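Notes to accompany the following structure.
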Amino acid sequence: MSGSGAPDAEPVRGAARLRVAVVASRWHAEVMDGLVAGARRALEDSEVDTVTELRVDGCFELSVAASRLAAGGFDAIVALGVVIRGATPHFDYVCDAVAGGLTRVSVDTGVPIGFGVLTCEDEAQARDRAGLPGSAEDKGYQAAVAALSAAVSLLSFPHPR
């Protein structure tokens with residue numbers, strides 16, 4: 036498991052007034068429910084009051100949704116999804132497109148995006164990272180904390196909007 040060395044995922048001070056959007060895929064409902072619940076917990080623990088949730092069909096659609104949300108004035112975005120390897124190269128294309136697309140949106144807009152997109156070999160790996168009972172990790176919580184932490188860190192710098 037590659038989770039070693041990760042910073043502690045703790046509530047973020049100073050995030051209460053941020054406008055945050057959570058955009059999440061619908062594929063793999065059990066895993067997604069865990070990821071979304073983890074992000075909600077992190078936002079609640081960090082006392083964020085203004086949260087908008089948007090669901091899209093798959094991970095490929097996360098980038099365009101994040102782009103629209105970033106243009107809509109959100110201070111941070113949490114992108115959640117899961118891609119499980121199959122027997123075709125589809126996995127590689129989707130993973131590359133999602134990572135590149137979300138990075139581009141964040142860099143182009145200056146809006147931090149917490150990357151909570153699981154890229155797993157199988158369903159068991161995904162469940163182990165989804166913050167479900169018995170999971171080793173809670174990537175939804177971690178992605179939300181990452182987005183909030185970056186947004187709070189950038190508050191003292193002028194925003195390009």
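Quick note on my numbering: the sequence shown kicks off at 36 and runs consecutively.
For every residue, glycine included, the Cβ atom is placed at its ideal position computed from N, Cα and C.
What you are looking at is a predicted structure, and each value in this text was computed from that prediction instead of being measured.
Next on the checklist: If you reduce the DSSP assignment to three classes, tell me which class residue 151 lands in.
Outcome noted: strand
Checklist entry - What is the DSSP secondary structure of residue 115, counted as helix, strand or coil? => result strand
Checklist entry - Anyone know if the C-beta pair for residue 56 and residue 95 falls short of 8 Å? => result no
Item to check | DSSP-derived helix/strand/coil call for residue 88 | outcome: strand
Checklist entry - Between which two residues does the alpha helix (DSSP H) containing residue 141 stretch? => result 125–144
Checklist entry - Counting pairs of Cβ atoms below 8 Å between the segment 148–161 and the segment 47–54, do you hit three or more? => result no
Next on the checklist: Give me the DSSP bridge partner(s) of residue 173.
Outcome noted: 165
Next on the checklist: Within a Cβ cutoff of 7 Å, which residues of the same chain sit near residue 191, ignoring the five residues on either side of it in sequence?
Outcome noted: none
Next on the checklist: Check whether the segment 102–111 and the segment 69–76 are in contact - that is, three or more C-beta pairs closer than 8 Å.
Outcome noted: no
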